[in-house]
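Numbering (the working numbering), first residue to last: 113 to 201.
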């Protein structure tokens, strides 16, 4: 979906995520790792993206809002050791 494409691009290009994980090599969406609600041109979506970077791996939680187009509004990265980092930009 368009929402997944925006969430994935956000995770790959986010400077905070890249500083912790390195260049993102793989983005995986677990079977139940998302929710999307759309009504007309408005909506909201949440994704739990498993990321594998050149330095480390982690999980990005990305929240999107839609008013015509999808845009990230909140995010957090959880490292393998459980450390959570705000990545909202």
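Note that CB positions come from ideal geometry on N, CA and C, so glycine has one too.
Any idea if residue i is buried or exposed, counting beta-carbon neighbours within 10 angstroms, 16 or more meaning buried?
| i | result |
| --- | --- |
| residue 180 | exposed |
Kindly list the residues whose CB is nearer than 8 Å to the CB of residue i, restricted to its own chain and excluding five residues on each side of it in sequence; keep chain order.
| i | result |
| --- | --- |
| residue 178 | 115, 150, 153, 154, 155, 156 and 157 |
| residue 199 | 126, 128, 129, 172, 187, 188 and 189 |
Which stretch, first to last residue, makes up the alpha helix (DSSP H) that contains residue i?
| i | result |
| --- | --- |
| residue 125 | 114–125 |
Name the two residues that bound the continuous beta strand (DSSP E) containing residue i.
| i | result |
| --- | --- |
| residue 135 | Premise fails: residue 135 is in no beta strand (DSSP E) and is neither H nor E. |
| residue 203 | The first residue shown for the chain is 113 and the last is 201, placing residue 203 beyond what the model contains. |
| residue 200 | Premise fails: residue 200 is in no beta strand (DSSP E) and is neither H nor E. |
| residue 163 | 154–165 |
| residue 176 | 169–179 |
Enumerate in chain order the residues of its own chain whose CB-to-CB distance from residue i is below 6 Å, with the five nearest sequence positions on each side excluded.
| i | result |
| --- | --- |
| residue 173 | 160 and 188 |
| residue 145 | 160 |
Do you know how far the Cα of residue j is from the Cα of residue i?
| i | j | result |
| --- | --- | --- |
| residue 128 | residue 182 | 21 Å |
| residue 119 | residue 176 | 7 Å |
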